[in-house]
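Notes to accompany the following structure.
Now the structure itself:
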């Protein structure tokens, strides 16, 4: 391996490791990723190398379409220019998926990046468990906030979703190294420990649903095909009842959601977490009904719902202009119209379609992470938000690279123009 290739792999390792660290490292990781990929694409253009497999991923083309659509919406956005550009930058983090697939070129490189990523997630999980048993973890920045008990670097919302996605990766990739039985055992332990940590020692309501989703999919893949649809219906209900019965935290959170929802329905109380979400979703649907075709443009959600809200807008949505509805599908719908929501659904469909051609462990891991993302977007703006959004795009980019460079879809690198495959794959047939 040449020195520049080693440097490229080292920098990619920093990027995939950064999502297991505090936000400052995530920001540094994004900078490293963009600069590294720019230098790499220029070098590939000079050497006239063509990455054939990359052009076969539907997800790559769909992400470029999404970013182009958000960029185009800057021309009609109702938001102030600075707010619109900031929102566009946050939506554009999706391009990190494409960059990671560009930079990871061989099976060995993807496996090294995967090992680095899983090592970071294992460190995060072990740190949380040390906090559970009462040990002081000096590197835990969230220890200063009592409401973030057992959370290491972020919030309970971010960490629970990250743990669920990591559990899916650990579990489904346990058979990726069939000769190393100790790796399989370790991955099983980490996956179970992640789910238990979320269900019994964390506060995130969305995390509970995501954890049940991961467990349901893991069980579904182990049973005969004819029973899988029934499993998807019965098992989540059974697991939910079992978790509710065995965890006081879950019982308290369910009771809180029920009480907050009833207060909003009867009294219009939007100050609670559930009440705010219900109210923000209602205003978002009203905004989409006003502009169903093209929306109000990127970054316009807060300004639009405040206009609809009227005199009480500042009290409910705050003083700034960068709030969101805690629901990714509605956020895209307000900014881009119904087509925006369809773009997000299409992204998940492309992930499923691409994963279908991967080796079985990678396919199932990609399905699991995509399912966690789909659930998270129902209750939060999980792609738009910092840290958790970066975690999802890095995880998905790594899994796509792993599936593309390993197993039945692996193809040789051929002569051509690499810049065309990476920067404009729309011209290639799937």
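Residue numbers (this note's numbering): 2 to 431. Ideal Cβ placement from N, Cα and C applies to all residues, glycine included.
Cβ-heavy atom distance, residue i to the ligand SAM, below 6 Å
| i | result |
| --- | --- |
| residue 337 | With respect to the ligand SAM, the structure offers nothing, as it holds no ligand at all. |
Alpha helix (DSSP H) segment containing residue i, residue limits
| i | result |
| --- | --- |
| residue 304 | 302-310 |
| residue 221 | 206-221 |
| residue 17 | 4-19 |
| residue 364 | 361-380 |
| residue 94 | Element bounds for residue 94: n/a, residue is neither H nor E. |
| residue 338 | Counting along the chain, residue 338 falls outside any alpha helix (DSSP H), and DSSP gives it neither H nor E. |
| residue 268 | 249-268 |
| residue 60 | 59-74 |
| residue 435 | Any question about residue 435 goes unanswered here, given that the chain covers just 2 to 431. |
| residue 393 | 389-406 |
| residue 316 | 314-318 |
| residue 159 | 157-173 |
| residue 108 | 108-133 |
| residue 282 | 274-291 |
| residue 188 | 182-202 |
Exposed unless 16 or more other CB atoms sit within 10 angstroms - verdict on residue i
| i | result |
| --- | --- |
| residue 213 | buried |
| residue 226 | exposed |
| residue 234 | exposed |
| residue 309 | exposed |
| residue 355 | buried |
| residue 249 | exposed |
| residue 316 | exposed |
| residue 280 | buried |
| residue 224 | exposed |
| residue 183 | exposed |
| residue 269 | exposed |
| residue 8 | exposed |
| residue 305 | buried |
| residue 69 | exposed |
| residue 56 | buried |
| residue 326 | buried |
| residue 20 | buried |
| residue 6 | exposed |
Euclidean distance between Cα positions of residue i and residue j
| i | j | result |
| --- | --- | --- |
| residue 288 | residue 40 | 42 Å |
| residue 80 | residue 62 | 28 Å |
| residue 136 | residue 111 | 35 Å |
| residue 11 | residue 103 | 15 Å |
| residue 342 | residue 336 | 9 Å |
| residue 390 | residue 37 | 20 Å |
| residue 169 | residue 313 | 42 Å |
| residue 65 | residue 209 | 32 Å |
| residue 13 | residue 35 | 10 Å |
| residue 272 | residue 374 | 26 Å |
| residue 410 | residue 396 | For residue 410, the predicted model reports a pLDDT of 47, less than 50, meaning its position is unreliable; a value from the coordinates is still stated below. Spanning the two alpha carbons is a distance of roughly 19 Å. |
| residue 73 | residue 295 | 11 Å |
| residue 138 | residue 130 | 10 Å |
| residue 108 | residue 401 | 12 Å |
| residue 204 | residue 405 | 36 Å |
| residue 232 | residue 372 | 16 Å |
| residue 307 | residue 278 | 15 Å |
| residue 266 | residue 115 | 46 Å |
| residue 23 | residue 228 | 42 Å |
| residue 284 | residue 297 | 14 Å |
| residue 218 | residue 236 | 10 Å |
| residue 369 | residue 166 | 7 Å |
| residue 452 | residue 71 | The requested residue 452 is not part of the displayed model; the chain covers only 2 to 431. |
| residue 258 | residue 242 | 16 Å |
| residue 59 | residue 403 | 15 Å |
| residue 378 | residue 320 | 24 Å |
| residue 458 | residue 392 | Only positions 2 to 431 of the chain appear in the structure, and residue 458 is not among them; the question remains open. |
| residue 360 | residue 30 | 28 Å |
| residue 441 | residue 240 | Since the first residue of the chain shown is 2 and the last is 431, residue 441 is not available in this structure. |
| residue 385 | residue 92 | 6 Å |
| residue 82 | residue 246 | 50 Å |
| residue 282 | residue 77 | 23 Å |
| residue 25 | residue 382 | 20 Å |
Neighbourhood of residue i by C-beta distance below 6 Å, restricted to the same chain and skipping five residues each side
| i | result |
| --- | --- |
| residue 206 | 254 |
| residue 117 | 14, 17, 18 |
| residue 174 | 362, 366 |
| residue 244 | 200, 251 |
| residue 84 | 300, 322 |
| residue 376 | 210, 211, 214 |
8 Å CB neighbourhood of residue i in its chain, flanking five on each side removed
| i | result |
| --- | --- |
| residue 462 | There is simply no residue 462 to check, as the chain begins at 2 and stops at 431 in what is shown. |
| residue 171 | 119, 122, 188, 189, 191, 192, 195 |
| residue 398 | 97, 98, 99, 100, 101, 102 |
| residue 264 | 270, 273, 276 |
Beta-carbon contacts of residue i that lie in its chain and below 7 Å, excluding the five residues immediately before and after
| i | result |
| --- | --- |
| residue 177 | 362 |
| residue 394 | 94, 95, 97, 98 |
| residue 347 | 63 |
Below-7 Å beta-carbon distance, residue i vs any chain C residue
| i | result |
| --- | --- |
| residue 281 | Given the protein chain composition of this structure (a single chain), no chain C is represented. |
* **Validate contact between the segment 274-290 and the segment 327-335 using beta carbons, cut 8 Å, 3 pairs** => yes
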